[in-house]
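Engineer: I am attaching a structure below and will ask some questions about it afterwards.
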DNA sequence: CGCCGAGTTGACCATGTTCAAGGTGGGTGG
DNA sequence: CCACCCACCTTGAACATGGTCAACTCGGCG
């Protein structure tokens, strides 16, 4: 939990490749970006900082979140390989970003990017797509949070993550129960109890603490309402 | 509640002005858009429809929402004069849109817009800003929904709307209690009780059913945590 | 005047939070 | 290699909060 300021071992300043911008790597785009390695639980940027860069996840998982006055934390999103975060409408970040696991990122200088977009139609369109996807992602999260029951939220969360992995029926969680709780607007105890309940009902298996096997996807879908 | 299909009296097909794209009307942009008038509670588009157009609100209030299998409704956002909605990453709408009040919209053909953006740097940038704002708006909503207490949600809602009107201390609600409840993930009873509580505590006044006077903004901010 | 939709209020109940007490497992040092 | 430790997780019991159901009020309109 000790949040040291971001340490970036091997700040590979060799602004080499980094072209690949959207998930389907468009060969046309070759834009400069700096590779960064961030250790687990380190801060990438903080709410209120100048939004000089935005980032693409190469590997690992990042959380964007907000800290409330009373110490609570709300997680806005988790970002995995290929996702872009930190692209904001304002000149300052509205959220903080932290590494859930050790991760590798590409940092893009926002101003440079937007300048390039002025003369590059394809890049400009990609930026638009990124922003629209970010919007859809946030809306999807709202829908999850708007659900009334803890079971609906947890089931929805599991289904969301089942789609990202290669094997649709096994989820390897990168985050702690606390992270999940802060993402779903629940307490850690409720998340734990709900997962136990799902296991008792034969809907999932919990072979280890960070692994969840989905045993009955249909039942999960029903529970997610 | 009778949702007739969208009726558009006076479908002013005269694709006249409509330039003004962002809130600060950029003189440079003159893009074609069709003016539409929509009656209260009529549908503007439905989830799953082809996302052919996106819209700017000229006057009135629009809600974008999702309907769940069990009949519940979740409201994703309210859109007021100057707001743009219906600009989505996919080729189909992910949400439905309905008129909360009678309203006037400008419909932009998405494809045409994106084509124009290819050769128009300024327009392209404006589209990007619109998308980023949409993202920030959705994130803000997530933060509201993630709050634990009903009081925090309602207080946050009131503060959000206090900033939009000319007079910061009087809110003229366009929507019903049910709309508010569906927006905050609460029941209509809880919204009602919470507002009554705030009135008892001298934080607000409820002079009429659709008007709220904010008597103590500082207290509200505290309650919103 | 009376109806009707929208909002409020109350009593009861279900659900999730809180507080507190165990487990569990991976890593470290003896 | 084992014992210990610590962070993370699970479980239980009491409690608080919001949901549900039902009755009632209010205001506008025919």
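Protein chains in written order, with my numbering: chain A, 588 to 812; chain B, 588 to 812. Glycine residues also receive a C-beta, built at the ideal position from the N, C-alpha and C atoms. Because the structure is a prediction, the values reported are computed rather than measured.
1) For residue 643/A and chain B, any beta-carbon pair shorter than 7 Å?
2) Would you check if the distance between the CB atom of residue 688/A and the CB atom of residue 627/A is smaller than 7 Å?
3) What does residue 744/B pair with, by DSSP beta-bridge criteria?
4) So if I threshold CB-CB distances at 8 Å, which residues from the stretch 700-715 of chain A count as touching chain B?
5) Return the residue from the list 682/B, 701/B, 757/B and 810/B that minimises the CA-CA distance to residue 655/B.
6) Is the beta carbon of residue 692/A sitting closer than 7 Å to the one on residue 644/A?
7) Where in the stretch 708-768 of chain A do unbroken runs of the beta strand (DSSP E), each at least 3 residues long, occur, reported from the N-terminal end onward?
8) For residue 697/A, decide whether its Cβ has a neighbour in chain B, counting only Cβ atoms nearer than 7 Å.
9) Return the first residue and the last residue of the alpha helix (DSSP H) that residue 779/A is part of.
10) Helix, strand or coil, according to DSSP, for residue 795/A in the structure here?
11) Mind checking who residue 642/A pairs with in its DSSP beta bridge?
12) What separation, rounded to the nearest whole angstrom, lies between the Cα atoms of residue 739/A and residue 793/A?
13) Determine whether the Cβ of residue 797/B lies closer than 7 Å to any Cβ atom of chain A.
14) Between which residues of its own chain and residue 778/A is the CB-CB distance below 6 Å, once the five residues before and five after are set aside?
15) Is there at least one Cβ from chain B nearer than 7 Å to residue 728/A's Cβ?
16) Run through chain B and tell me which residues come within less than 9 Å of residue 804/A, C-beta to C-beta.
17) Does the stretch 705-724 of chain B come within contact of the stretch 720-732 of chain A, defined as at least 3 CB pairs closer than 8 Å?
18) With a Cβ-Cβ cutoff of 7 Å, do residue 685/B and residue 630/B count as a contact?
19) Measuring CB to CB, does residue 729/B end up less than 7 Å from residue 677/A?
20) Would you identify the three-state DSSP class for residue 703/B, choosing helix, strand or coil?
21) Give the range of the beta strand (DSSP E) segment to which residue 634/B is assigned.
22) So what does residue 652/B bridge to, in DSSP terms?
23) Whose Cβ in chain B lies nearer than 7 Å to the Cβ of residue 721/A?
24) Taking only beta-carbon atoms, is residue 661/A less than 7 Å away from chain B?
Structural biologist: Put simply:
1) For residue 643/A, the answer is no, since every Cβ of chain B falls outside 7 Å of its Cβ.
2) Yes, they are a contact pair.
3) For residue 744/B, DSSP assigns no beta-bridge partner whatsoever.
4) Using a CB distance below 8 Å, the part of the stretch 700-715 of chain A facing chain B consists of 701, 704, 705, 706, 708, 711, 712, 714 and 715, ordered along the chain.
5) The shortest C-alpha to C-alpha distance from residue 655/B to any of 682/B, 701/B, 757/B and 810/B is the one to 682/B.
6) Less than 7 Å separates the beta-carbon of residue 692/A from that of residue 644/A.
7) List check, beta strand (DSSP E) in window: 757-759.
8) Contacts with chain B at 7 Å (Cβ-Cβ) do not include residue 697/A.
9) Following the DSSP letters along the chain, one finds residue 779/A inside the alpha helix (DSSP H) bounded by residues 775-787.
10) Three-state result, residue 795/A: strand.
11) Bridge partners of residue 642/A: 672/A and 694/A.
12) Roughly 18 Å separates the two Cα atoms.
13) For residue 797/B, the nearest beta carbon of chain A is not closer than 7 Å to its own beta carbon.
14) Closer than 6 Å at the Cβ level, and outside the excluded window around residue 778/A, lie 764, 767 and 768.
15) Yes, because at least one Cβ of chain B sits closer than 7 Å to the Cβ of residue 728/A.
16) Neighbours of residue 804/A on chain B: none; closest Cβ ~16 Å, over 9 Å.
17) The stretch 705-724 of chain B is in contact with the stretch 720-732 of chain A.
18) In this structure, residue 685/B lies near residue 630/B, with their beta-carbon atoms less than 7 Å apart.
19) The answer is no: Cβ separation not under 7 Å.
20) Judged by DSSP in its simplified three-state form, residue 703/B adopts helix.
21) Per DSSP, residue 634/B belongs to no beta strand (DSSP E) and is neither H nor E.
22) Per DSSP, the beta-bridge partners of residue 652/B are 662/B and 683/B.
23) Ordered by position in chain B, the residues that pass the 7 Å Cβ test against residue 721/A are 722.
24) Yes - at least one Cβ of chain B is within 7 Å of the one on residue 661/A.
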